[in-house]
Amino acid sequence: MPQRSEPLPSSSSIDDNVNADASDLTWRDTTGNNLDLDDPDLMVKCATTYIDRGWRVFPLHSITSAGKCTCHSPTCHQKGKHPLRPAGMQGATTRLRDVLDWWEDDPDANIGIATGTGLLVLAIYPERHGSLDALPINPIPLTGLVTIGSAGWHLYFTYPRNILMSSVQDALGPGIDLHADGSYVVAPPSIHPSGQRFGWNSYIAPRSLPPKILTILEPKQGWMRRDYRTVLNLMQQHGYPLTPTEIAHGLHRDYSATLKLLRRMVNDQHIYQVKRGLYTPRQPDNNQ
Ligand SMILES: [Zn+2]
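Numbering (the numbering used here), first residue to last: 267 to 554.
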């Protein structure tokens, strides 16, 4: 994947970025091109740069000039943030054809980027007492940073694709949410309910998640996908179903860690309990 050719900002500190308010944002896309905010094709052009990076996108509702969600529901609590199409996040794709069609139908749709499988976003919300200073890494590496109007920031990172990383609110403390598997973020230059646009603060391609953060998250939130495969292989070999004790023995892992893994696999619909204490693979064609 091409890295942008533009040199990195000379400052090695992220402070220049985080102190920038929305009026200081650089209106550029991820390839460094200046954005024309009046361009009727603004959203589709930006969505295209994301799929070029391998990020899966899908259209979200937007905000009208009157500050309302385009769903026009008086009770909408997800203004400009919820999926525009019935498939929602499940429809997120890197297929150019779909992206062109979607934004041809709804040129002003906000852009959702599905996170997970190698892309994660730390969302920091001051109104919930989150702050960049509270992140357990110092200095914060220069990485993709989005200012969400006056509402906070999104820090983009990459991580090994073989790790299953759950999305968790307050994952790294109050007001610091983790968006990874099964989640999405609203991407620049989408419109925030405040009327401001999400914007890249001098876009820098996302860097690897610092090992320190990975270490903090992994025991709590992350399981190697290979653990899933190992459990499923074990069930195949022995003829399912299996008890947690049998699985723990096969994994050379202690009982409580095995139970946690099994619960996660149940949640992720890889296995289910045929009866109490007996687990078996969930077949794709089996709705039970
Ligand atoms: Zn709405």
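Glycine included, every Cβ here is placed at the ideal spot set by N, Cα and C.
Residue from the options with nearest C-alpha to residue i
i, options, result
"Gly-235", "Asp-304, Arg-530 and Cys-312", "This structure cannot speak to residue 235, because the chain is shown only from 267 to 554."
"Met-309", "Asn-533, Lys-334 and Val-452", "Val-452"
"Leu-483", "Ala-353, Ala-437, Thr-409 and Pro-454", "Ala-437"
"Arg-530", "His-445, Pro-392, Ser-433 and Val-387", "Ser-433"
"Gly-448", "Arg-495, Leu-528 and Gly-354", "Gly-354"
"Asp-318", "Asp-295, Pro-407 and Asp-304", "Asp-295"
"Pro-476", "Asp-371, Leu-401 and Leu-430", "Leu-401"
"Asn-467", "Pro-547, Pro-454, Gly-461 and Ala-523", "Pro-454"
Proximal residues to residue i (C-beta, below 8 Å), its chain only, five neighbours per side dropped
i, result
"Arg-322", "Ala-358, Thr-359, Thr-360, Ile-379 and Ala-380"
"Gly-346", "Leu-326, His-327, Ser-328, Ile-329, Cys-335, Thr-336, Asn-376, Val-452, Ser-456, Ile-457, His-458 and Pro-459"
Separation of residue j from residue i, as counted between CA atoms
i, j, result
"Ala-389", "Pro-306", "29 Å"
"Asp-302", "Leu-326", "21 Å"
"Gly-396", "His-348", "23 Å"
"Pro-340", "Thr-481", "43 Å"
"Tyr-512", "Lys-541", "What sits at residue 512 in the sequence shown is Glu, not Tyr. Cα to Cα, Glu-512 sits roughly 15 Å from Lys-541."
"Pro-392", "Gln-539", "41 Å"
"Met-431", "Ala-446", "6 Å"
"Trp-369", "Phe-324", "9 Å"
"Arg-363", "Thr-314", "10 Å"
Heavy atom of ligand 1 within 7 Å of residue i beta-carbon
i, result
"Cys-312", "no"
"His-395", "no"
"Ser-339", "yes"
"Gln-344", "yes"
"His-327", "yes"
"His-458", "no"
"His-348", "yes"
Proximal residues to residue i (C-beta, below 7 Å), its chain only, five neighbours per side dropped
i, result
"Gln-269", "Per-residue confidence for Gln-269 stands at a pLDDT of 37, beneath the threshold of 50, marking its modelled position as unreliable; no derived number is given."
"Thr-409", "Leu-421, Tyr-422, Phe-423, Ile-470, Pro-472 and Arg-473"
"Arg-427", "Thr-383 and Gly-384"
Residues sharing a beta bridge with residue i, DSSP
i, result
"Thr-546", "Tyr-538"
"Gly-378", "Phe-324 and Val-452"
"Ile-457", "Arg-463"
"Ala-437", "Gly-439"
"Ile-390", "Trp-419 and Ile-442"
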